[in-house]
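Asker: So the mapping is simple: the numbering used here equals the position in the sequence shown, first residue as 1, plus 454.
Glycine residues also receive a C-beta, built at the ideal position from the N, C-alpha and C atoms.
Since this is a predicted model, take the numbers as computed values, not measurements.
Would you mind keeping the following structure in view while I ask a few things?
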Amino acid sequence: MAHTGMVYKYKKKTTRQTWSAENMQEAANADIFKTCGTPAAAVRYNVPQTTLEHYVKKTNTNPHSNENWVQ
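Right, here's the structure in full:
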């Protein structure tokens with residue numbers, strides 16, 4: 455039987471990056487402004503700790519990144 459051309463709904467097979475960008479931003483702000491540490495911020499905002507560490511390191515080295523911080 456030939457392909458009918460129907461498109462099926464894509465089902466994601468992995469749980470990678472299930473956190474939201476807003477949660478990552480809030481967790482980074484909590485870590486950067488020292489309201490809580492990196493492990494606590496990762497748990498509180500439900501983001502991966504190592505990803506949060508990389509994100510904070512990236513934003514600390516980029517001088518223009520602070521315009522996205524939620525204050």
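#1: Taking the alpha-carbon positions, what's the Tyr509 to Val497 distance?
#2: Which same chain residues end up closer than 8 Å to Thr492 when comparing Cβ atoms and leaving out the 5 residues on each side of it in sequence?
#3: Could you spell out the range, first to last residue, of the alpha helix (DSSP H) harbouring Gln479?
#4: Over the uninterrupted alpha helix (DSSP H) stretch that includes Asn514, give me the two end residues.
#5: Could you check which residue in Val501, Lys488, Asn514, Lys512 has the C-alpha nearest to that of Thr469?
Answerer: Taking the coordinates as given:
#1: Computed Cα separation, rounded: 15 Å.
#2: Counting only Cβ-Cβ distances below 8 Å, and skipping sequence neighbours, we find Asp485, Gln503, Leu506, Glu507, Val510.
#3: For Gln479, the uninterrupted alpha helix (DSSP H) run begins and ends at 475–486, by DSSP.
#4: Element bounds for Asn514: 503–515.
#5: The shortest CA-to-CA distance from Thr469 to any of Val501, Lys488, Asn514, Lys512 is the one to Val501.
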